[in-house]
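*Asks:* Pasting a structure here, questions to come.
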Amino acid sequence: MAILLGLTAALAWGIHDLCVRQVSQGTGIFASIVAVLIFGTLLVTPMSLWAWDAPRGPNALPLGLASGVLFGLAAIAHYKAFSIGPVRLVAPIIGAYPALSVGWAVYTGTPVSALQLLAVGIIIAGVGYVARAGDNEAARTHPGPAILWSILAGTGFAATFAVGQAATAEGGELALLAPTRIAALIVVLAIAAMGRVPILPGWTQIRILAAMGALDALALGAVISAGGVSNPELASVLAATFGLITVVLAALFLREPMMRRHWTAVALVFAAIAYLAT
Numbered sequence: 062m063a064i065l066l067g068l069t070a071a072l073a074w075g076i077h078d079l080c081v082r083q084v085s086q087g088t089g090i091f092a093s094i095v096a097v098l099i100f101g102t103l104l105v106t107p108m109s110l111w112a113w114d115a116p117r118g119p120n121a122l123p124l125g126l127a128s129g130v131l132f133g134l135a136a137i138a139h140y141k142a143f144s145i146g147p148v149r150l151v152a153p154i155i156g157a158y159p160a161l162s163v164g165w166a167v168y169t170g171t172p173v174s175a176l177q178l179l180a181v182g183i184i185i186a187g188v189g190y191v192a193r194a195g196d197n198e199a200a201r202t203h204p205g206p207a208i209l210w211s212i213l214a215g216t217g218f219a220a221t222f223a224v225g226q227a228a229t230a231e232g233g234e235l236a237l238l239a240p241t242r243i244a245a246l247i248v249v250l251a252i253a254a255m256g257r258v259p260i261l262p263g264w265t266q267i268r269i270l271a272a273m274g275a276l277d278a279l280a281l282g283a284v285i286s287a288g289g290v291s292n293p294e295l296a297s298v299l300a301a302t303f304g305l306i307t308v309v310l311a312a313l314f315l316r317e318p319m320m321r322r323h324w325t326a327v328a329l330v331f332a333a334i335a336y337l338a339t
């Protein structure tokens, strides 16, 4: 189940990032994030209200809210990193966050075999290698800020999933969907207000932003829901393949070129996923 949830998140975020290409030029970072969070919140709120009385532990809601705060901060860093740095630099750094997720699992006593660690390493390396294939930008002369924002984004995602999965381990997965996103939205709005950044998107982008909100809500809900199943860290690992999936989808549907060695890397990543699923 953790494998399935992780792959669901990866596919949703992969399609989401294809959509980002359509809105990134006409919509600012904060306007995009705010719109995505609002549409996602509207989507999951009915489910959360329906499941609100479901039994859950006393720490579930506080942890869910903390996860939302972390997700809001990670989303800002993620969008910022991709706005100032080339994909071949940014994607591998952000996509390496599963190393933190697995490290945390080992620290908390979850047994992880050497072969599982090897499979995780193959997934991280494959995602980074294929992400480089999807980058057509010229090299930036000052990569430092992009590297910093990428590290912040990756660390933020790892922390988001660890805290969110701890929340759902106490029950109430559906009930926590709306509070998590509301907390993320409040954080993003507060930072935008402090920076006096515009948050209203162009009306021509509303439909695609609504679709992005639905995909983002599905992905985050899938990874956090893995906290209620065994080996939840695997969902975090597989969700990180969204960068690879974005490049593959672009090659299949947008006819963006990929060489044979990149398809080989894709095959190795999915072979590693298949091993983790056994």
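Letter by letter, the sequence shown follows residues 62 to 339 of the working numbering.
Glycine included, every Cβ here is placed at the ideal spot set by N, Cα and C.
Using a threshold of 9 Å, state whether the C-beta atoms of LEU270 and VAL97 are closer than that.
*Replies:* Their beta carbons are under 9 Å apart, which means LEU270 touches VAL97 by this criterion.
*Asks:* Between the alpha carbons of HIS323 and MET255, how many angstroms are there, rounded?
*Replies:* Those two C-alpha atoms are separated by around 43 Å.
*Asks:* What three-state label does DSSP hand ARG257 in the structure shown?
*Replies:* It is coil, neither helix nor strand.
*Asks:* From PRO159 to PRO262, what does the alpha carbon distance come to, in whole angstroms?
*Replies:* The straight-line gap from Cα to Cα measures roughly 32 Å.
*Asks:* By a C-beta neighbour count over all protein chains shown, 10 Å radius and 16 as the cutoff for buried, is SER128 buried or exposed?
*Replies:* SER128 is buried by the Cβ-count criterion.
*Asks:* By alpha-carbon positions, which one of LEU313, LEU126, GLU294 and LEU246 ends up nearest to ALA219?
*Replies:* The shortest Cα separation from ALA219 among LEU313, LEU126, GLU294 and LEU246 belongs to GLU294.
*Asks:* Do VAL308 and VAL191 have their C-beta atoms within less than 9 Å of each other?
*Replies:* Result yes, Cβ atoms of VAL308 and VAL191 sit closer than 9 Å.
*Asks:* Would you say LEU238 and HIS77 are within 9 Å of each other, going by their C-beta atoms?
*Replies:* Against a cut-off of 9 Å, the Cβ pair of HIS77 and LEU238 comes out as no contact.
*Asks:* Would you mind stating whether GLY233 and LEU122 have Cβ atoms separated by less than 9 Å?
*Replies:* Contact: yes.
*Asks:* In whole angstroms, give me the CA-to-CA distance for ALA301 and VAL258.
*Replies:* Distance between the alpha carbons of ALA301 and VAL258 is about 29 Å.
*Asks:* With distances taken Cα to Cα, identify the nearest neighbour of MET273 among LEU176, GLN226, LEU235 and ILE99.
*Replies:* The shortest C-alpha separation from MET273 is found at ILE99.
*Asks:* Are the segment 162 to 171 and the segment 111 to 118 touching, with three or more C-beta to C-beta distances below 8 Å?
*Replies:* As far as the Cβ criterion goes, the segment 162 to 171 does not touch the segment 111 to 118, which means the pair count is below three.
*Asks:* With DSSP as the reference, label GLY233 as helix, strand or coil.
*Replies:* GLY233: coil per DSSP, three-state reduction.
*Asks:* Since VAL97 is in the alpha helix (DSSP H), which residue starts that stretch and which ends it?
*Replies:* Start and end: 90 to 111.
*Asks:* Do ALA142 and ALA186 come within 9 Å of each other at the CB atom, strictly closer than that value?
*Replies:* Not a contact, by the Cβ cut-off of 9 Å.
*Asks:* Along the chain, where does the alpha helix (DSSP H) that runs through GLY342 open and close?
*Replies:* Given a span of 62 to 339 for the chain in the structure shown, any question on residue 342 remains unanswerable.
*Asks:* Tell me whether the beta-carbon of TRP210 lies closer than 9 Å to the beta-carbon of GLY146.
*Replies:* Taking 9 Å as the Cβ cut-off, TRP210 and GLY146 qualify as a contacting pair.
*Asks:* Which class does GLY118 belong to by DSSP, given the choice of helix, strand or coil?
*Replies:* Three-state result, GLY118: coil.
*Asks:* What are the start and end residues of the alpha helix (DSSP H) that includes TYR168?
*Replies:* Residues 159 to 168.
*Asks:* The alpha helix (DSSP H) spanning HIS268 covers which residue range?
*Replies:* It should be pointed out that residue 268 corresponds to Arg in this sequence rather than to His. Its alpha helix (DSSP H) spans residues 267 to 286.
*Asks:* What span of residues does the alpha helix (DSSP H) with GLY304 cover, start to end?
*Replies:* First-last of the alpha helix (DSSP H) with GLY304: 303 to 314.
*Asks:* Could you give the C-beta distance for LEU299 and ILE64, rounded to a whole number, given that I count them as a contact under 8 Å?
*Replies:* Correct: roughly 6 Å between the Cβ atoms.
*Asks:* Taking DSSP as the reference, what is the three-state secondary structure of PRO240?
*Replies:* Note: PRO240 maps to helix in three-state DSSP.
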